[in-house]
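Peer 1: Dumping the structure here so I can ask a few things about it.
4 protein chains.
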Amino acid sequence: MVDNNTDIDFSGLKAIFFNGTLTKSPEPSHTDRLIHISQNIMNMHGIKTSVIRTIDQDIATGVWPDMTEHGWEKDQWPEIYKGVMAADVLVLAGPIWLGDNSSETKKIIERLYACSSILNDKGQYAFYGKVGGCLITGNEDGIKHCAMNVLYSLQHVGYTIPPQADAGWIGEAGPGPSYGDDREDGTKEGYDNDFTNRNTTFMTWNLMHAAKMLKDNGGIPAYGNQRSEWDAGSRFDFANPEYR
Amino acid sequence: MVDNNTDIDFSGLKAIFFNGTLTKSPEPSHTDRLIHISQNIMNMHGIKTSVIRTIDQDIATGVWPDMTEHGWEKDQWPEIYKGVMAADVLVLAGPIWLGDNSSETKKIIERLYACSSILNDKGQYAFYGKVGGCLITGNEDGIKHCAMNVLYSLQHVGYTIPPQADAGWIGEAGPGPSYGDDREDGTKEGYDNDFTNRNTTFMTWNLMHAAKMLKDNGGIPAYGNQRSEWDAGSRFDFANPEYR
Amino acid sequence: MVDNNTDIDFSGLKAIFFNGTLTKSPEPSHTDRLIHISQNIMNMHGIKTSVIRTIDQDIATGVWPDMTEHGWEKDQWPEIYKGVMAADVLVLAGPIWLGDNSSETKKIIERLYACSSILNDKGQYAFYGKVGGCLITGNEDGIKHCAMNVLYSLQHVGYTIPPQADAGWIGEAGPGPSYGDDREDGTKEGYDNDFTNRNTTFMTWNLMHAAKMLKDNGGIPAYGNQRSEWDAGSRFDFANPEYR
Amino acid sequence: MVDNNTDIDFSGLKAIFFNGTLTKSPEPSHTDRLIHISQNIMNMHGIKTSVIRTIDQDIATGVWPDMTEHGWEKDQWPEIYKGVMAADVLVLAGPIWLGDNSSETKKIIERLYACSSILNDKGQYAFYGKVGGCLITGNEDGIKHCAMNVLYSLQHVGYTIPPQADAGWIGEAGPGPSYGDDREDGTKEGYDNDFTNRNTTFMTWNLMHAAKMLKDNGGIPAYGNQRSEWDAGSRFDFANPEYR
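Protein chains in written order, with the numbering used here: chain G, 3 to 246; chain A, 3 to 246; chain C, 3 to 246; chain V, 3 to 246.
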């Protein structure tokens with residue numbers, strides 16, 4: 003069967019993937035394998051993508067935009083943040099450890115949160131108009147638990163979450179092979195998992211569709227959601243229930 | 003200060019709120035008070051809204067669209083589901099018990115999940131094109147934990163989650179008054195909480211903006227995300243990493 | 003290899019298992035199959051066990067000890083609560099739906115919480131001196147997420163959680179067979195999972211050991227943890243940091 | 003009112019507290035203030051305590067006992083781990099960021115998990131016989147969510163969790179003062195919170211009682227829970243349900 007092609011033009015969009023693996027380069031990351039599936043689809047449609055393996059970078063720990071102003075010698079986050087702001091799509095990917103997101107994934111969420119007080123020129127949080135997704139790999143349990151936290155965090159700081167914006171792979175309960183590990187028969191673990199493949203594909207397309215729709219519509223309309231206006235006294239038809 | 007009005011026309015949109023309180027009518031629900039703030043804004047802009055207090059209804063427990071086909075005498079869900087499908091916006095609201103969502107909130111998530119295999123005429127999950135939000139009240143802890151689960155569940159079955167799609171009120175750690183309870187000075191608990199008021203307002207507007215944008219754009223474009231097409235063999239540029 | 007037997011005498015202990023499945027009897031419950039492994043070990047050592055499938059019972063929804071005093075016609079919880087109080091061990095078992103505990107599991111947690119204000123004759127919460135565990139089955143994801151909430155809730159109301167007090171079975175990511183389902187080769191899904199078998203066994207023994215130790219030692223010593231004493235003004239060497 | 007003293011002798015016990023704050027010394031940590039309440043009670047009863055602020059240490063990120071064997075130049079964890087093994091009580095304390103544990107707290111959980119394959123001389127996981135607790139501070143939401151993950155992780159690697167083993171302080175929903183911050187009237191935020199004070203006191207005493215009980219009883223009895231024995235073929239009355 004041949005895919006009936008879409009004629010939607012996604013060129014001009016940009017996407018950034020973070021990989022919160024605890025494994026430094028050049029050792030391979032299982033999560034990278036899943037990222038590549040999504041990245042590949044985006045690339046085929048003219049979307050510029052980049053992948054940042056956070057543990058390879060000197061990203062400081064903390065909740066300020068630039069930690070060199072708070073006692074850290076180095077901090078690559080301010081530079082990376084420029085890439086986040088340039089991107090229409092952010093995918094936070096990572097491994098599962100003891101059923102939860104890695105400390106590297108948490109560190110990135112903290113740094114995104116640290117920048118959530120920055121406003122765009124309409125007075126909305128700076129991440130408004132962008133879309134977010136999540137990819138998780140582990141050997142046995144926790145995709146949804148991890149994705150729940152990632153997607154919640156992204157929408158909290160201003161990202162839009164399209165339908166079915168997460169995907170992942172885990173094996174049966176207990177220790178076992180990880181995503182893409184060699185099987186005895188020469189195939190790779192998880193690559194034939196229809197659910198993982200479908201969800202990764204759907205997530206990718208929904209991110210693309212939602213990012214394009216938001217871009218074409220000029221982002222989330224700026225009314226009722228501008229922090230600057232609220233702080234200045236606008237209430238956008240909010241009525242205190244005490245006085246209604 | 004006067005609100006500068008928006009000229010966006012939201013009439014024609016519909017919203018449904020579920021309240022997962024454990025308190026039966028006619029006793030008041032604290033969560034209802036927060037719902038009314040959001041509902042009021044929507045109503046002022048011509049959106050038709052309805053609120054369903056689930057514990058007042060004969061909604062069966064289970065993971066099938068109609069539980070009368072699975073051993074239950076009564077099940078009002080199939081009727082309620084029609085209202086869910088007619089609505090462009092769904093807000094799942096509820097209380098916190100022991101830091102987590104109530105069993106009533108979980109029951110509604112189970113019933114929504116039960117219907118997630120139903121497809122629209124493009125082959126997408128039936129909830130595609132709709133937007134979801136979350137309102138939580140409690141006396142001390144757990145808004146984000148509860149919202150994390152609610153919003154994750156809604157995006158999983160096909161809802162789009164706009165930015166900052168949750169709001170809530172809790173008091174300081176420990177037992178204490180609930181939202182809207184009388185204070186000694188005649189005011190009401192939480193009604194003067196700027197964070198709760200702002201987040202509820204922003205959530206409401208973002209749901210409205212995203213619902214309108216999706217409606218005006220004909221929903222999420224149907225390419226790369228149709229279950230029927232995937233099952234028929236379309237792969238939408240997904241490439242098995244083993245063969246790339 | 004033959005088990006070297008233990009000479010510890012566990013007779014006199016009692017255990018209660020709750021099964022939060024959404025499936026009514028007489029249809030089989032996958033979770034029941036895992037419960038039976040644990041129950042069987044306990045029975046072999048003279049522990050009296052009972053299993054309650056909550057969806058078969060008329061257990062009201064709410065956060066009071068007896069909901070017939072709060073608008074419900076029937077409520078079997080007060081009777082079931084007697085069994086909880088008579089038991090030294092409580093295991094809260096259940097299925098995974100959309101990555102989380104079922105609404106039936108949440109209902110039982112709410113009812114246990116509703117009884118957490120009841121004190122024993124030393125002034126401790128009534129569940130002190132008892133031990134708690136958790137068993138979870140699903141087809142693909144969420145054991146740890148579900149167990150996290152169950153075990154947290156049990157310790158919060160007074161249960162002691164011994165080491166490795168949870169176990170479960172899930173299959174690879176995506177829809178698939180459930181625990182104990184027939185395989186084509188005549189074996190049963192999950193029954194040969196060494197991790198599930200080991201964890202279920204370890205959980206069971208740790209519950210037995212901890213329950214016996216607590217019973218032999220007269221429960222958790224009553225000093226520093228009596229709600230009645232605290233409310234009467236005892237502070238047990240707590241010093242307000244402001245005045246230290 | 004005077005405390006009636008306990009005559010239980012806790013001397014000989016040791017406790018270690020980890021503080022997962024993102025703030026480096028010498029800046030004050032809000033979480034430290036809560037730790038000191040618990041530490042103070044223990045010290046008064048002859049328990050040797052130590053507090054490690056993890057962000058001040060060169061603790062590598064990863065899931066191996068010694069990361070210098072895996073590409074890291076420095077790693078203080080192997081030295082810190084000796085202190086963990088010497089302690090009968092471990093309290094994992096930390097702040098809340100975006101409703102979840104900090105990346106520093108996650109890093110410590112990863113390192114504890116990395117050591118969970120180490121066995122004691124009975125073949126049990128090395129953390130068996132120790133007890134664990136949790137202290138959380140934040141300005142608005144998330145004590146239970148954070149504690150849920152911490153306590154689950156600790157029991158998973160072998161710690162016993164006594165009743166009510168967590169405590170914390172958060173303020174009302176929204177940004178606001180943190181624990182111990184100065185109020186205008188000269189008092190400190192949260193220090194008069196009866197719930198926080200009581201829970202911190204109860205947690206501390208329950209950790210002390212459970213640690214002493216386990217020590218006096220020689221730890222968790224070694225039968226049915228020895229990884230070495232299971233791997234060698236012992237089954238401790240586990241019966242495969244397929245053959246029962």
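By construction, the Cβ of each residue, glycine as well, lies at the ideal position given by its N, Cα and C atoms. No experiment lies behind these values; they were computed from the predicted model shown.
What's the gap between the Cα of Leu-24/G and the Cα of Leu-24/A?
Peer 2: By 1-based counting over the first sequence, the position of residue 24/G is 22. By 1-based counting over the second sequence, the position of residue 24/A is 22. One C-alpha to the other measures close to 43 Å.
Peer 1: Determine the closest residue to His-32/V out of Gln-166/V, Gly-96/V and Gly-125/V, with distance taken between C-alpha atoms.
Peer 2: Residue mapping note: residue 32/V aligns to position 30 of the fourth sequence, counting from 1. The shortest C-alpha separation from His-32/V is found at Gly-96/V.
Peer 1: What separation, rounded to the nearest whole angstrom, lies between the Cα atoms of Val-4/C and Ser-236/V?
Peer 2: For the purposes of this step, residue 4/C is taken as residue 2 along the third sequence, with counting starting at 1. For the purposes of this step, residue 236/V is taken as residue 234 along the fourth sequence, with counting starting at 1. Bear in mind that the predicted position of Val-4/C carries a pLDDT of just 41, short of 50, making it too unreliable to give a figure here.
Peer 1: At a CB distance below 8 Å, what residues from the segment 38-67 of chain V approach chain G? Give them in sequence order.
Peer 2: Ile-57, Thr-63, Gly-64 and Val-65
Peer 1: DSSP has Ile-163/V in a bridge; who is on the other side?
Peer 2: Working through the fourth sequence from its first residue, we reach residue 163/V at position 161. Ile-163/C, per the DSSP bridge assignment.
Peer 1: Could you give the first and the last residue of the continuous alpha helix (DSSP H) run that contains Leu-216/A?
Peer 2: Working through the second sequence from its first residue, we reach residue 216/A at position 214. Unbroken alpha helix (DSSP H) run through Leu-216/A: 196-218.
Peer 1: Do Gly-22/V and Thr-63/V have their beta-carbon atoms positioned less than 8 Å apart in this structure?
Peer 2: By 1-based counting over the fourth sequence, the position of residue 63/V is 61. By 1-based counting over the fourth sequence, the position of residue 22/V is 20. Against a cut-off of 8 Å, the Cβ pair of Gly-22/V and Thr-63/V comes out as no contact.
Peer 1: Strictly below 8 Å CB to CB, what residues from chain G border Gly-221/V?
Peer 2: Along the fourth sequence, read from residue 1 onward, the residue named residue 221/V stands at position 219. Simply none; closest approach about 23 Å.
Peer 1: Hey, could you find the ends of the alpha helix (DSSP H) Ser-105/C is sitting in?
Peer 2: Stepping through the third sequence from its first residue, residue 105/C is reached at position 103. Start and end: 105-116.
Peer 1: Report the partner residues of Asp-50/A according to the DSSP bridge assignment.
Peer 2: Working through the second sequence from its first residue, we reach residue 50/A at position 48. Checking the displayed sequence, the identity of residue 50/A turns out to be Lys instead of Asp. Paired residues: Lys-16/A.
Peer 1: Is it the case that the Cβ atoms of Asp-60/C and Lys-76/C are separated by a distance below 8 Å?
Peer 2: Counted from its first residue, the third sequence places residue 60/C at position 58. Counted from its first residue, the third sequence places residue 76/C at position 74. Closer than 8 Å, so yes.
Peer 1: In whole angstroms, give me the CA-to-CA distance for Leu-137/G and Ser-105/G.
Peer 2: Taking the first residue of the first sequence as position 1, residue 137/G is located at position 135. Taking the first residue of the first sequence as position 1, residue 105/G is located at position 103. The straight-line gap from Cα to Cα measures roughly 16 Å.
Peer 1: Show which residues of chain C have a CB atom less than 7 Å away from the CB atom of Trp-99/A.
Peer 2: Sequence index remark: in the second sequence, residue 99/A carries index 97 (1-based). Simply Val-65, Glu-112 and Tyr-115.
Peer 1: Any heavy atom of the ligand HEM closer than 7 Å to the Cβ of Trp-66/A?
Peer 2: Ligands displayed in this structure: none; no statement on the ligand HEM is therefore possible.
Peer 1: Counting only the same chain and skipping the five closest in sequence on each side, list residues whose C-beta sits under 6 Å from that of Glu-231/C.
Peer 2: Within the third sequence, numbered from 1, the residue matching residue 231/C stands at position 229. The residues are Gly-125.
Peer 1: When the Cα of Gly-160/A is compared with those of Thr-189/A, Ala-116/A, Lys-16/A and Gly-192/A, which residue comes out closest?
Peer 2: Here residue 160/A refers to the residue found at position 158 of the second sequence. Taking only the C-alpha atoms, the option nearest Gly-160/A is Ala-116/A.
Peer 1: Hey, quick one: how far does the beta strand (DSSP E) through Val-93/G stretch, first residue to last?
Peer 2: Here residue 93/G corresponds to residue number 91 of the first sequence, with the count starting at 1. Where Val-93/G is concerned, the enclosing beta strand (DSSP E) stretches over 91-99.
Peer 1: Locate the alpha helix (DSSP H) running through Trp-232/V, then write down its first and last residues.
Peer 2: Along the fourth sequence, one-based indexing puts residue 232/V at 230. Start and end: 229-233.
Peer 1: Is the Cβ-Cβ distance between Ile-18/V and Leu-92/V less than 8 Å?
Peer 2: Numbered from 1 along the fourth sequence, position 16 holds the residue referred to as residue 18/V. Numbered from 1 along the fourth sequence, position 90 holds the residue referred to as residue 92/V. Yes, the Cβ-Cβ distance between Ile-18/V and Leu-92/V is below 8 Å.
Peer 1: I'd like to know if the segment 196-204 of chain G and the segment 166-185 of chain G are in contact, where contact means that at least 3 CB-CB pairs between them fall below 8 Å.
Peer 2: yes
Peer 1: Return the bridge partner residues of Lys-190/C from the DSSP annotation.
Peer 2: Walking along the third sequence from the start, residue 190/C turns up at place 188. For Lys-190/C, which the question treats as bridged, DSSP gives the partners Asp-184/C.
Peer 1: What are the residues that DSSP puts in a beta bridge with Gly-134/C?
Peer 2: Sequence index remark: in the third sequence, residue 134/C carries index 132 (1-based). BP columns for Gly-134/C point to Leu-92/C.
Peer 1: What's the C-alpha gap between Ile-10/C and Phe-238/V?
Peer 2: On the third sequence, position 8 is the one that residue 10/C refers to. On the fourth sequence, position 236 is the one that residue 238/V refers to. For Ile-10/C and Phe-238/V, the distance between alpha carbons rounds to 13 Å.
Peer 1: Is the Cβ-Cβ distance between Ile-49/C and Leu-15/C less than 8 Å?
Peer 2: Numbered from its first residue, the third sequence carries residue 49/C at position 47. Numbered from its first residue, the third sequence carries residue 15/C at position 13. Yes, Cβ-Cβ distance for Ile-49/C and Leu-15/C is below 8 Å.
Peer 1: Taking C-beta pairs closer than 7 Å, name the residues in chain C that Phe-197/G reaches, listed in chain order.
Peer 2: Within the first sequence, the letter at position 195 stands for residue 197/G. Those within 7 Å of Phe-197/G in chain C are Ala-175, Gly-176 and Pro-177.
Peer 1: Which chain G residues sit within Cβ distance under 9 Å of His-158/V?
Peer 2: If you number the fourth sequence from 1, residue 158/V lands on position 156. By Cβ distance, chain G contributes Leu-100 and Gly-101.
Peer 1: Is there at least one Cβ from chain A nearer than 8 Å to Lys-109/C's Cβ?
Peer 2: For the purposes of this step, residue 109/C is taken as the residue at position 107 of the third sequence. Taking Cβ atoms only, chain A reaches closer than 8 Å to Lys-109/C, which makes this a yes.
Peer 1: Label Asn-208/V either buried or exposed according to how many other C-beta atoms from any shown protein chain fall within 10 Å of its C-beta, with 16 as the threshold for buried.
Peer 2: For this step, residue 208/V is matched to residue 206 along the fourth sequence. Buried, because 16 or more other Cβ atoms sit within 10 Å of the Cβ of Asn-208/V.
Peer 1: Would you say Ile-10/C lies against chain V (beta-carbon separation less than 8 Å)?
Peer 2: Counting from 1 along the third sequence, the entry for residue 10/C is found at position 8. True, the Cβ-Cβ gap to chain V drops below 8 Å.
Peer 1: In its own chain, which residues sit with a C-beta less than 6 Å from the C-beta of Pro-80/G, not counting the 5 before and 5 after it?
Peer 2: Taking the first sequence and counting its residues from 1, one reaches residue 80/G at position 78. Hits under 6 Å: Asp-68.
Peer 1: Hey, does Trp-232/G have any beta-carbon neighbour from chain A nearer than 8 Å?
Peer 2: Counted from its first residue, the first sequence places residue 232/G at position 230. Taking Cβ atoms only, chain A reaches closer than 8 Å to Trp-232/G, which makes this a yes.
Peer 1: Less than 8 Å between the CB atoms is what I'm expecting for Asp-143/C and Ile-120/G, so what's the real figure, rounded?
Peer 2: Position 141 of the third sequence, counted from the start, is the residue given in the question as residue 143/C. Position 118 of the first sequence, counted from the start, is the residue given in the question as residue 120/G. 35 Å between Cβ atoms; not a contact.
Peer 1: Please confirm if His-147/A has its CB atom under 8 Å from at least one CB of chain V.
Peer 2: As a first step, residue 147/A must be located in the second sequence, where it is residue number 145. It does; some Cβ of chain V falls within 8 Å.
Peer 1: Measure from the alpha carbon of Ser-180/C to the alpha carbon of each residue in Glu-186/C, Asp-187/C and Glu-191/C, then state which is nearest.
Peer 2: Within the third sequence, the letter at position 178 stands for residue 180/C. Checking every option, the nearest Cα to that of Ser-180/C belongs to Glu-191/C.
Peer 1: Got a sec? Which residues, its chain only, sit under 6 Å from Leu-216/V by beta carbon, not counting five neighbours each side?
Peer 2: Residue mapping note: residue 216/V aligns to position 214 of the fourth sequence, counting from 1. Cβ within range, chain order: Gly-131.
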